[in-house]
Each structure stands twice: as structure tokens, then as C-alpha cells.
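Going by the numbering used here, the letters in the sequence shown line up with residues 265 to 616, in that order.
I have placed the structure first, in the form of C-alpha cells, so that the comments after it can refer back to it.
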Amino acid sequence: MRELIDRLEREHTLKKEEWTALISEKADKEYLFAKARDVARQYYGNKIYIRGLIEFTNFCKNNCYYCGIRRDNINVVRYRLSENEILDCCGRGYELGFRTFVLQGGEDAFYNEERLIKLISTIKSRYPDCALTLSIGEKSKESYQKFYDAGADRYLLRHETADKSHYEMLHPKEHSFENRMKCLWELKEIGYQVGCGFMIGSKGQTAECLAEDMIFISKFQPQMVGIGPFIPHHDTPFAREAAGTLESTLYMIGLLRLLKPNLLLPATTALGTIDAKGREKGILAGANVVMPNLSPTKVRKKYELYDNKICTGDEAAECLNCLNLRMEQIGYRLSIDRGDPAEEPGGIKCTT
């Protein structure tokens, strides 16, 4: 398998059967991780970018089978932050050194186009040196354009899976695989820095499914890819499904780094949930982003997409100090700049 890993590093592409073989066998892990670390350092040095995550609403019109804040979960204690509360989160984050804010929430009708445009405009006027990322689901192209015109820089929309039949196993019939993909391409066309992504170990997922994800990412060329292990939530139809594994998630992080060397690739909270050192292991497998939570402590536990989510009690400053120490212990440092993508492969690389 080393030959395939070497070719992936050189050519940034593989055939589906080759992807499937690599993903199935997970061979030569340490060899892959060493390659991925080296490539990440060529583009980003030892910088780990921080994003200030603001989970501003857990109301959601959708009913995804795996998600803890799905519409039909009557046990969720619902909340939505006010505009002033969101701006307070940004203010505290800015003082701590954050220069990217991520507004993440369920698809909440209260936060309609008008309210979101006002919120985006206000944040960007107060913090013009910061990047603003939205993670608020499927919208019309017209709405995406208006959010972009108001100042939004990035958009995160996990595709979940590039296999249509697998997508339909994870979502009710009211959801459309075609619309999810359409939204991603529209975001790219508008000019956002776009992030897609998928869960590792979700129900029905096969090595062939993951191979399709890699082929899609190769074609789509996103700036960001967010992956993490599937973790079941006790109040969902997938409550009894097996969780995804740390091993498989780390292996996919390594492959993604070689597939697209300049990716912004998070070591997710879900990694830290299934393993105490999960985020560090993610960095050592090729990731280069972490996302501390800036949401008010009182609501963090309520934004429970999966069980046992970490960092629901720490203050943002404590979490940031802890993360900084953790990164230093493995030879990296948190970076407080916007953390935009490095030059495309073949361009100028970072050597600091």
C-alpha cells in the first residue's frame, strides 16, 4: 500500500478501486501520517488555526436520523441566542485572539434571511479583520448570495456522503441528495471558501462509499473538509448504531491531506469526544484547525448533536489555554490570524 500512498502524494488522485483498497486495509498508518504531517507543514508550518464556534440556535426543521437536535426529538431543550448574545460572543472571542467566527445552527426559521443579513453585516462592521463562516444548512442560491454580499466569507455544509443511496439511509424522504450537492456547487460559484465533509462509520457506510467521498472532493476542490466519527445520540433512530472509530477517522484525515495538500482540515470536537487525546492525534494525522466553543456556557450542553460531547462546561478562555498547551506539547502552536487557505498545490508553500 505504500506505493499507493506515494502516488497519492505525488498525483493527488487515485482510482475508485485504489481508494477502496486503501480505506479497507488502513495499511501503513504511521507511514501515511508521517507523509501527511510533512505535507501539512510544507503549506502551514507548525500553525494550528483556531475558529471561534458560536452555536447560536438548536432549533431545526430537519429530521436527520443521526442528529440529536432533529425536529422530532421532543427531549431537546431548545434555545436560540439573541443578536446581542451572539455579538457578545464575538466580542469575547476577539479579545481572546480569535479572528474567525463560525456561526453554526440548525435550520431555524426564526433566523430568516433578513435577520441573518443584519447579523452578518453587524459582525463584519465591528470586526473587519475577521473571517466569518456560516454553517446553517441548505438555503436558496439567492440567500447564499445575499449573505456573501453582506460579508460572509466561508460556508460549511457537510455533504454527509457522496453516495446517493447511502444519503437516503441517513435522511428522511423530505431530504434531497441532489439539492445538497446543488447547494455546495452554488456556494462555490458565488465565491465562498467552501467546506464539505462527512461522518466516519455512519450506518450503511462502506469503503466504497468513502471512496466516492474522496472522488467527489477531488472534483469539487473545497477549501475545507470536516470529518469526524459518527457518535450516536440516545434520542435518535440511530441510538443503537455502532460509533465510528478513531483509527478510521485518523486514516481518512491522512488521506485527505495527501489528496489536497492545502486543505483546512479540522481536528474535530467529535475526535476529542471518543479519545482524550483525539484532537492531538488528529493534528498528528494531518489536521490543522481546531474550533473552541465561544457559545455561552449555559447553552453548550443543549447543542448536543451526539452523546457525551466535550467542552460543554469550560469557559472559552480556559479551553483556549488548554488547547494551546496541548498543541505545544506535540510541537505545534495556535495561530490567531484568519487562517485562509495556503496557495494551491504547485504554488508558493509556507516554510515557517
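Quick reminder that beta carbons are idealized off the backbone N, C-alpha and C, glycines included.
Exposure of residue i, with buried meaning 16 or more beta-carbon neighbours within 10 Å
i	result
D336	exposed
R334	buried
I338	exposed
W283	buried
P392	exposed
I612	The pLDDT assigned to I612 is 43, lower than 50, so where the model puts this residue is not dependable; a value taken from the coordinates is nonetheless given after this. With fewer than 16 other Cβ atoms within 10 Å, it is exposed.
W449	exposed
G455	exposed
A373	exposed
V489	buried
R390	exposed
R301	buried
S559	buried
R379	exposed
C586	exposed
K565	exposed
A506	exposed
T397	buried
E453	exposed
K403	buried
V341	exposed
A549	buried
E289	exposed
K280	exposed
G355	exposed
For residue j and residue i, the rounded distance between their alpha carbons
i	j	result
N443	Q593	43 Å
T425	R504	21 Å
T513	D601	27 Å
S440	L589	43 Å
K388	A416	8 Å
I464	S385	35 Å
R363	G603	8 Å
K437	C328	10 Å
T615	Y596	Low per-residue confidence applies at T615: pLDDT is 39, beneath 50, and the placement is therefore not dependable, though the value from the model is reported in the following sentence. Approximately 14 Å, taken between the alpha carbons.
A298	E377	45 Å
K524	L584	28 Å
S599	M591	11 Å
C353	V563	12 Å
L528	D413	23 Å
C447	R422	11 Å
A395	L272	31 Å
K293	Y515	7 Å
R266	Y295	8 Å
E275	L522	9 Å
E472	L367	33 Å
G546	T509	13 Å
K311	G361	15 Å
F658	A291	For residue 658 there is no data in the structure shown, the boundaries of the chain being 265 and 616.
I400	F411	11 Å
D491	K382	A small fix is needed here, since residue 491 is Ile in this sequence, not Asp. Taking the straight line joining both Cα atoms gives about 31 Å.
Y431	G357	36 Å
Under 8 Å between C-beta atoms of residue i and residue j
i	j	result
T321	R305	no
Y567	E319	yes
A475	I287	yes
N526	L317	no
A534	P486	no
T532	K573	no
K325	E371	yes
Y330	A606	no
L519	M478	yes
Y570	G369	no
N552	Y375	no
Range of the contiguous alpha helix (DSSP H) that encloses residue i
i	result
L448	441-454
F297	293-308
T386	377-390
C394	Unbroken run through C394: none, as it is neither H nor E.
M433	428-434
Y412	405-414
R249	Because the chain spans 265 through 616 in this model, residue 249 falls outside it and cannot be assessed.
L345	From DSSP, L345 is part of no alpha helix (DSSP H); its letter is neither H nor E.
S512	510-523
L420	Looking at the DSSP string, L420 is not in any alpha helix (DSSP H); the run it does join, the beta strand (DSSP E), is 418-420.
D336	Per DSSP, D336 belongs to no alpha helix (DSSP H) and is neither H nor E.
V563	561-564
R271	266-275
Bounding residues of the beta strand (DSSP E) (the contiguous stretch that carries residue i)
i	result
L488	A small correction: the amino acid at residue 488 is Met; Leu does not occupy that position in the sequence shown. Here the beta strand (DSSP E) through M488 covers 488-493.
M463	457-464
E319	316-321
R370	According to the sequence as given, residue 370 is Gly; it is not Arg. Note, G370: premise wrong, no beta strand (DSSP E); not H, not E.
R597	597-599
_Validate contact between the region 492-500 and the region 399-409 using beta carbons, cut 8 Å, 3 pairs_ = Three or more Cβ pairs closer than 8 Å define a contact, and the region 492-500 falls short of that threshold against the region 399-409.
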